[in-house]
Amino acid sequence: MGIGGISIWQLLIILAIVFMLFGTKRLRNLGGDLGGAIKGFKKAMDDDKKADDEVDPAKVEDKTGNAEKVVHGETEKTGNKK
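For the sequence shown, full-length UniProt numbering begins at 1 and goes up steadily by one.
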């Protein structure tokens with residue numbers, strides 16, 4: 001038994017039927033289009049990762065500058081008297 005209970009002969013028969021239905025040229029074009037799409041997706045992911053790695057130093061300083069504005073002190077409870 002092969003993959004999932006399907007023997008190699010059953011897979012070959014299915015492959016032959018697919019070739020007869022679609023033809024080898026159409027399947028070759030489909031494979032090329034799929035490969036191109038995968039390459040484009042990987043390239044976009046790499047470009048996005050590179051863009052994330054390039055951090056603007058001014059933005060980093062702005063984020064650290066906000067931390068200095070924290071006010072420390074005591075709070076006094078004020079409320080409405082009934």
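All residues carry an ideal CB built from backbone N, CA and C; glycine is no exception.
G31 versus D53 - alpha carbon distance: 33 angstroms
Could you check the C-alpha separation between V18 and A51 for me, to the nearest Å? 43 angstroms
Opening and closing residue of the alpha helix (DSSP H) in which G73 lies: Per DSSP, G73 belongs to no alpha helix (DSSP H) and is neither H nor E.
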